[in-house]
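These notes concern the structure reproduced below.
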Amino acid sequence: MTMSDLISIKGSRDGLRLRLDANVAWSELLHRLDLHLGERQSFFHGANLVIDLGEREVSSAQLDEMLALIRQHGVQATAIDSTERSTRAAARSVGLTARPLSRSPEATPMPEAEALLVMRTLRSGQVLRHTGHITLIGDVNPGGEIIAGGSVVVWGRLRGLVHAGALGDRSAIICALELRPTQLRIADLIARAPDQQALSRPEFARVIAGEIIVDGWEAFKR
Amino acid sequence: MGRVITVTSGKGGVGKTTTTANLGTALAMRGARVAVVDADIGLRNLDVVMGLENRIVYDLVDVVEGRARLRQALIKDKRLPELCLLPAAQTRDKDAVSAQQMIDLTRQLRAEFDFVLIDSPAGIEAGFRNAIAGADEVIIVTTPEVSAVRDADRIVGLIEAAEKGPASLIINRIKPRLVSRGEMLSVEDVLELLAISLLGIVPEDETIVIATNRGEAAVYDPNSLAGRAYINIAQRLAGEDVPVMAIPDQQGMLDRLLSLFGRRRT
Chain A
9 MTMSDLISIK
19 GSRDGLRLRL
29 DANVAWSELL
39 HRLDLHLGER
49 QSFFHGANLV
59 IDLGEREVSS
69 AQLDEMLALI
79 RQHGVQATAI
89 DSTERSTRAA
99 ARSVGLTARP
109 LSRSPEATPM
119 PEAEALLVMR
129 TLRSGQVLRH
139 TGHITLIGDV
149 NPGGEIIAGG
159 SVVVWGRLRG
169 LVHAGALGDR
179 SAIICALELR
189 PTQLRIADLI
199 ARAPDQQALS
209 RPEFARVIAG
219 EIIVDGWEAF
229 KR
Chain B
6 MGRVITVTSG
16 KGGVGKTTTT
26 ANLGTALAMR
36 GARVAVVDAD
46 IGLRNLDVVM
56 GLENRIVYDL
66 VDVVEGRARL
76 RQALIKDKRL
86 PELCLLPAAQ
96 TRDKDAVSAQ
106 QMIDLTRQLR
116 AEFDFVLIDS
126 PAGIEAGFRN
136 AIAGADEVII
146 VTTPEVSAVR
156 DADRIVGLIE
166 AAEKGPASLI
176 INRIKPRLVS
186 RGEMLSVEDV
196 LELLAISLLG
206 IVPEDETIVI
216 ATNRGEAAVY
226 DPNSLAGRAY
236 INIAQRLAGE
246 DVPVMAIPDQ
256 QGMLDRLLSL
266 FGRRRT
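Those sequence lines, one after another, are chains A and B.
Position 41 of the first sequence, counting from 1, maps to 49 under the working numbering, and the rest follow consecutively.
Position 148 of the second sequence, counting from 1, maps to 153 under the working numbering, and the rest follow consecutively.
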C-alpha cells in the first residue's frame with residue numbers, strides 16, 4: 009500500500025483536513041504520519057488540522073500519542089472527525105472537539121477547493137495556508153504569511169512572506185501588483201528582497217535553473 | 006448607556022497612558038461623565054500621570070474580588086468632578102483578573118458614565134485580552150516608527166479576530182521636521198499599511214513630558230500643541246454622539262495641525 013493511500017491532506021474553505029487510513033496498524037500509521045509531516049515540514053509547521061480518523065476505534069492513550077507526534081512537527085489538531093462513538097469520546101477526553109462522520113464518506117465527498125480566494129488584508133501574525141493555489145485580494149503586510157501548495161496571486165501589495173509550492177512544487181509562481189516581500193520561497197528555495205527599493209509595478213517570481221527570479225509582468229509568457 | 010473605549014497599542018512606550026489621561030480629561034472638560042480605568046495590573050501608572058497616586062485606597066482587583074464597591078474604589082479627579090479614575094492593583098499581576106470580570110466591571114461603569122476609557126497594557130497576552138473584553142470601540146495608538154506600526158498591525162488583526170473592530174488610529178509623536186525631510190514615516194505611510202480610520206494625530210511636544218511629570222493633563226495648557234491635538238480628538242470622539250455639532254473632517258484637522266507645524270517651524 010502506498011503512503012498516499014494511508015494519509016491524505018485536503019484543503020477547504022474551513023482549513024486543512026488530514027485523513028488517516030482506518031485499517032493499517034496504528035503504530036505503522038503513526039510511523040508514516042511522522043515521515044509524511046517530516047518531508048513536508050515547511051508546509052505543515054504551525055498548521056492547525058482537522059483529523060479524520062474514519063471508522064477506526066482509537067483510545068485516548070493512542071490519541072495522546074498521535075497528538076504528541078504531530079506537536080513535534082509544529083502541528084496542532086483542532087478537531088477529530090470519526091464515525092465511532094468511542095473515538096469521539098476519547099477525543100473529548102483529551103480536550104479536542106469531536107465531530108461525527110457519516111459511515112459512507114463517498115456519498116458526501118468533502119468539497120475540495122483547488123484554489124482559495126480570500127478578500128482581506130493579511131496582517132502581521134496572520135497566516136493563510138492552503139494545499140492548492142491561493143488568491144488574495146488585498147495586501148500582505150510585513151509579518152503576514154501565505155503558505156500554499158500551489159501558486160500565489162496577491163492582488164495588492166505583497167510585503168510579508170509568501171511560500172508557494174510549499175509541498176515541493178518548483179513550478180509554482182508568485183505574483184503581486186507590488187512585489188516587495190520580506191522573503192519569497194518557492195518549494196525548497198528561498199529569496200530575500202533586494203535592499204534597494206523595488207519598482208512599483210506588477211511582477212512575478214518563478215524558478216529558473218534552481219533560482220527564484222523576479223520579473224516584470226510583461227515577461228510572463230507561457 | 007456609556008461607551009467603553011479601550012486604548013491599546015501592542016508596543017510599549019508609544020503613549021497609551023498619556024493618551025488615555027488626556028482624552029479622559031478633555032472629554033470631562035466638555036462636561037461628559039468619564040471614568041478612566043487602568044487595566045495594566047501590576048504596572049500601574051495612569052494614577053501617576055493624573056497626579057492621583059496618593060489618593061488610592063482600593064483598586065480594580067479589590068472591586069472584582071468583592072473587597073470594595075466600585076464607588077469606593079473610584080477616585081475623583083483634582084479639578085474635574087465628572088472625571089474618575091479606577092486604578093490598577095500594583096501588588097498583583099495580570100492573572101488576578103479574568104475577561105469575564107472585566108466585562109462585568111465595564112457593564113457597571115457603563116451605567117454611570119458617558120465614557121469609559123480603558124488603558125490597556127502593552128503586549129498581546131491576557132492583560133490585553135482583558136482590556137478589550139468589554140470594549141465597544143478600540144483606539145490604537147502608534148508612533149510613526151516601523152516597529153510600533155508593525156505591532157499596531159498585529160493588534161488590528163487580533164481585534165478583528167475578537168470582533169471588537171473596526172479600530173481607529175491615533176498617530177502619536179509625529180516629528181514634522183523629520184517627516185518633511187522624508188526621514189520618518191508619514192501619516193499617509195502609516196495609514197496605507199494599517200488601512201484603518203484615522204482618529205487623530207498628535208505632534209511630538211515637550212509640554213507633554215512636563216505635564217505628565219507634574220501629574221497634570223496637557224489639555225489644560227493652552228500653549229500645548231499636543232494638548233490641542235487631544236482636545237481635537239476628544240471632539241471627534243464626542244462628535245459621534247452629538248451629530249448636530251460641526252466636527253472638522255479628517256483632512257481639515259490634518260491641514261490645521263500641519264499649518265500649526267508650519268508656523269512653529271518659522
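Beta carbons are placed, not taken as given, at the ideal position from N, Cα and C, and that holds for glycine.
Closest Cα partner of residue i within the set the options
i: A:G176; options: A:C183, A:Q191, A:A156 and A:I221; result: A:A156
i: A:Q134; options: A:G152, A:V148 and A:E122; result: A:G152
i: B:D45; options: B:G170, B:G71, B:L122 and B:G162; result: B:L122
i: B:T11; options: B:T25, B:V19, B:P181 and B:G17; result: B:T25
i: A:E219; options: A:A195, A:D89 and A:E226; result: A:A195
i: A:P189; options: A:P202, A:A180 and A:T91; result: A:P202
i: B:E142; options: B:A131, B:I129, B:P126 and B:F120; result: B:F120
i: B:Q106; options: B:A127, B:G220 and B:G132; result: B:G132
i: B:A153; options: B:L190, B:A243 and B:N27; result: B:L190
i: A:A184; options: A:L45, A:A199, A:R200 and A:S159; result: A:S159
i: B:D52; options: B:N218, B:A239, B:G232 and B:A231; result: B:N218
i: B:E58; options: B:L91, B:I108, B:G36 and B:P227; result: B:L91
i: A:E63; options: A:A213, A:E73, A:S110 and A:V126; result: A:S110
i: A:A199; options: A:S208, A:P210, A:I221 and A:R178; result: A:I221
Short CB-CB distance (under 9 Å) between residue i and chain A
i: B:G162; result: yes
i: B:E165; result: yes
i: B:G7; result: no
i: B:D109; result: no
i: B:D158; result: yes
i: B:A172; result: no
i: B:A200; result: yes
i: B:R76; result: no
i: B:R186; result: no
i: B:R134; result: no
i: B:R112; result: no
i: B:R155; result: yes
Residue i - DSSP class collapsed to helix/strand/coil
i: B:R49; result: coil
i: B:P181; result: helix
i: A:R209; result: coil
i: B:L107; result: One point to set straight first is that residue 107 of chain B is Met, not Leu, in the sequence displayed. B:M107 falls in the helix class under three-state DSSP.
i: B:E130; result: coil
i: B:R233; result: helix
i: A:S67; result: coil
i: A:H173; result: It is Gly, not His, that sits at residue 173 of chain A in the sequence shown. Correct three-state label for A:G173: coil.
i: B:K21; result: helix
i: B:L196; result: helix
i: A:G133; result: coil
i: A:T95; result: helix
i: A:G224; result: strand
i: A:G152; result: coil
i: A:F52; result: helix
i: A:A184; result: strand
i: B:I61; result: coil
Inter-residue CB distance, residue i and residue j (contact presumed, cutoff 8 Å)
i: B:V207; j: B:A172; result: Rounded, the Cβ-Cβ distance is 17 Å, inconsistent with contact.
i: A:L124; j: A:G146; result: At roughly 13 Å, the Cβ-Cβ gap does not stay under 8 Å, so A:L124 and A:G146 are not in contact.
i: B:I144; j: B:A167; result: The pair is not a contact, with the Cβ atoms about 15 Å apart (cut-off 8 Å).
i: B:M34; j: B:V224; result: 7 Å
i: B:L196; j: B:R241; result: Wrong, their Cβ atoms sit about 16 Å apart, outside the cutoff.
i: B:S14; j: B:A93; result: 17 Å between Cβ atoms; not a contact.
i: A:R137; j: A:L41; result: Contact flag wrong, Cβ pair sits at about 18 Å.
i: B:N237; j: B:T212; result: Going by Cβ atoms, the distance from B:N237 to B:T212 rounds to 15 Å, so no, they are not a contact pair.
i: A:V83; j: A:A55; result: 5 Å
CB contact check: residue i to chain B, cutoff 9 Å
i: A:R93; result: no
i: A:P108; result: no
i: A:P210; result: no
i: A:R167; result: yes
i: A:G7; result: Missing from the structure shown is residue 7 of chain A; chain A here goes from 9 to 230 and no further.
Contact set for residue i: own chain, Cβ-Cβ below 7 Å, skip 5 residues either direction
i: A:A85; result: L57, I59, L75, I78 and L104
i: B:D246; result: Residue placement at B:D246 cannot be trusted, given a pLDDT of 45 that sits under 50; the coordinates are not used to answer.
i: B:R97; result: I46, G47 and V66
Cβ shell of residue i (< 6 Å), same chain only, five flanking positions each side left out
i: B:R178; result: T148 and E209
i: A:G173; result: A180, I194 and A195
i: A:E122; result: G140
i: A:S67; result: A98
i: A:E65; result: E92, S94 and T95
i: A:R27; result: S16 and D60
Contacting residues, own chain, Cβ-Cβ under 8 Å from residue i (five flanking each side not counted)
i: A:Q70; result: W34 and A98
i: B:K99; result: I46, G47, P126, E130, A131, G132 and N135
i: A:D13; result: D29
heavy atom of the ligand ATP below 8 Å from residue i C-beta
i: B:V184; result: What this structure holds is no ligand at all, so the ligand ATP is not there to describe.
Can you pull out the residues from the region 128-146 of chain A whose beta carbon lies closer than 7 Å to at least one beta carbon of chain D?
Going by chain labels, chain D is absent from the structure shown, which instead holds the protein chains A and B.
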